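Each step along the sequence shown adds one to the number in our numbering, with nothing skipped, and position 283 is 641.
All remarks here apply to the structure that follows.
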Amino acid sequence: MMRAVFLWHIYDLSKSTAVLSLVGLLSFLPAPIASLAGGAIADAYDRRKIVLVAQTIGLCCASMLCILGATGAASVPLMLAIIVINAGASAFEAPARQATLPTLVPKEEFSRAVTVMGTGGAFAFVSGPALGGVLIAAHSVAFAYGCAAVLYVVSMLLVSRVQMPRAGADSKRAISIAGLLEAMRFLKQKPVILAAMTIDLFAVVFGGATALLPVYANEILAVGETGYGLLAASFEIGALLTSLLLIVFPPMRRLGRAIVTSVVVYGLATIVFGISRSFPLSIAAYVLAGMADQVSVVGRSTLVQTETPDELRGRVSSVNMIFIGASNQLSTAEAGLVAHLTSPTISVVSGGMMVLVVAALAVVLVPRLWRVTG
């Protein structure tokens, strides 16, 4: 919810797609170092404490944005500084959170566990943007930030009750440069895992349209704050629908085909969204994009976590999270920059076309990805 509110708030202040691009770029800058550090520490120390420390920083950022919104003191430079801090905390936390799940469930049930976890995340992403849009329309951005801060507190209370095992007996090695290089060597020996990470990276970088949703809601579809919330939530509605289907049906066996096919569908849905001038059609296209993305997420997560030894999961997860963070943040930068140079429609449609190119290249360059099973 906080990211959706933040994007709306900073666009409302700046009226500039270039600023939206800057949000993505600055959010990515701390991610590589923070994620690598978080992954190394997650292999050596209590993963629960790592998550709690990071969420405390997120709580402080949400509280600061609430105060700035309430007092009218918000400015673009100050908001950008806060989002950099928040992005760094999120990147630091992610490897510990990702590396914990395989230690809590049997390997044969891991795919379903990923799906269940994804369902919860999808529900949060559905309700978050929608609720954020409603809260902005009914009250103010400050009130929406305040609600986000309260949700941080709830999350921290729940995390504190989870017994997360400490991974990595050799802590000195885990937090060394040699430990990080060990994870890199492992990925080099597993080209299919690296290919799965890479196809997702470039698909989201080119196909992500989240940063331009305020522009589409305000200027193209003219649906206002509430429409923006629904538009932002529609992607995660698709992800939630897919998660529920994956819980009911057997786990995916042909992981490679599922990943590549879902990326193709994601690209096509993005193109339809970009050219649409109908709010219902835009919602439908973004729902389909969310459904395809969730298939890719579950397939990739299952492949990465089940094929990685526990003593390496934190560090390998940190590399995976760098890819994910890079895709999410660089997509914001790419979409905003192309929209600034051309138009929002050209930005989204050309991005969808590039996603199709990425899928084709993945199959040609790493044919084993198409054949991999789980």
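Think of the CB as a built atom: it goes at the ideal place given N, C-alpha and C, for glycine as much as any other residue.
Here the structure is a predicted model, which is why all the values come from computation and not from measurement.
Test item: CB-CB of residue i and residue j under 7 angstroms
| i | j | result |
| --- | --- | --- |
| Gly587 | Gly486 | no |
| Ser433 | Gly694 | no |
| Arg611 | Thr473 | no |
| Ala691 | Leu383 | yes |
| Met649 | Leu599 | yes |
| Ala697 | Thr375 | yes |
| Cys419 | Ile440 | yes |
| Ala629 | Val707 | Reading off the sequence, residue 629 comes out as Ile, not Ala. Yes, the pair counts as a contact, with Cβ atoms nearer than the cut-off. |
| Val508 | Leu410 | no |
| Ala597 | Gln652 | yes |
| Ser689 | Tyr644 | no |
| Arg405 | Asp558 | no |
| Leu727 | Gly614 | yes |
| Ser675 | Gln456 | yes |
| Leu670 | Phe481 | no |
Proximal residues to residue i (C-beta, below 8 angstroms), its chain only, five neighbours per side dropped
| i | result |
| --- | --- |
| Ile408 | Gly396, Ile399, Ala400, Phe450, Glu451 and Ala454 |
| Leu714 | Val622, Gly625 and Leu626 |
| Val442 | Leu384, Ser385, Leu387 and Pro388 |
| Ala471 | Leu459, Leu462 and Val463 |
| Trp366 | Gly490, Gly491, Ile494, Val499, Pro572, Glu583 and Tyr586 |
| Ser513 | Gln413 |
| Val724 | Pro549, Val550 and Ala553 |
| Ile680 | Ala389, Pro390, Ser393, Leu394 and Ala449 |
Helix, strand or coil at residue i according to DSSP, with G and I counted as helix
| i | result |
| --- | --- |
| His497 | coil |
| Val520 | coil |
| Lys546 | helix |
| Pro667 | coil |
| Leu459 | helix |
| Arg729 | helix |
| Asp401 | coil |
| Val674 | helix |
| Ser685 | helix |
| Met359 | coil |
| Leu589 | helix |
| Arg615 | helix |
| Arg635 | coil |
| Leu387 | coil |
| Lys407 | helix |
| Leu598 | helix |
| Gly566 | coil |
| Ser640 | helix |
| Thr660 | helix |
| Pro464 | coil |
| Phe364 | helix |
Sequence-distant residues of its chain with Cβ nearer than 6 angstroms to residue i (five each side left out)
| i | result |
| --- | --- |
| Ala447 | Ala412, Ile415 and Gly416 |
| Gln663 | Pro460 |
| Gly427 | Val499, Ala500 and Tyr503 |
| Ala506 | Met359, Met360 and Ala420 |
| Met437 | Ile368 |
Exposure label - residue i; buried when at least 16 CB within 10 Å
| i | result |
| --- | --- |
| Val377 | buried |
| Gly710 | buried |
| Leu719 | exposed |
| Arg633 | Residue identity check: residue 633 is Ile in the sequence provided, not Arg. It is exposed - the Cβ of Ile633 has fewer than 16 other Cβ atoms within 10 Å. |
| Thr429 | exposed |
| Ala402 | buried |
| Pro638 | exposed |
| Ile704 | exposed |
| Pro435 | exposed |
| Thr556 | buried |
| Thr477 | buried |
| Ile605 | exposed |
| Ala580 | exposed |
| Ser654 | buried |
| Val511 | exposed |
| Arg673 | buried |
| Leu603 | exposed |
Own chain partners of residue i with C-beta closer than 7 angstroms, once the 5 adjacent residues on each side are dropped
| i | result |
| --- | --- |
| Glu577 | none |
| Phe560 | Val716 |
| Glu665 | Lys548 and Ile551 |
CB contact below 7 angstroms: residue i versus chain C
| i | result |
| --- | --- |
| Val409 | The structure shown contains no chain C, having only a single protein chain. |
(request) Return the chain-ordered ranges of every beta strand (DSSP E) run that is complete within the stretch 416-446 and spans a minimum of 3 residues. (result) none
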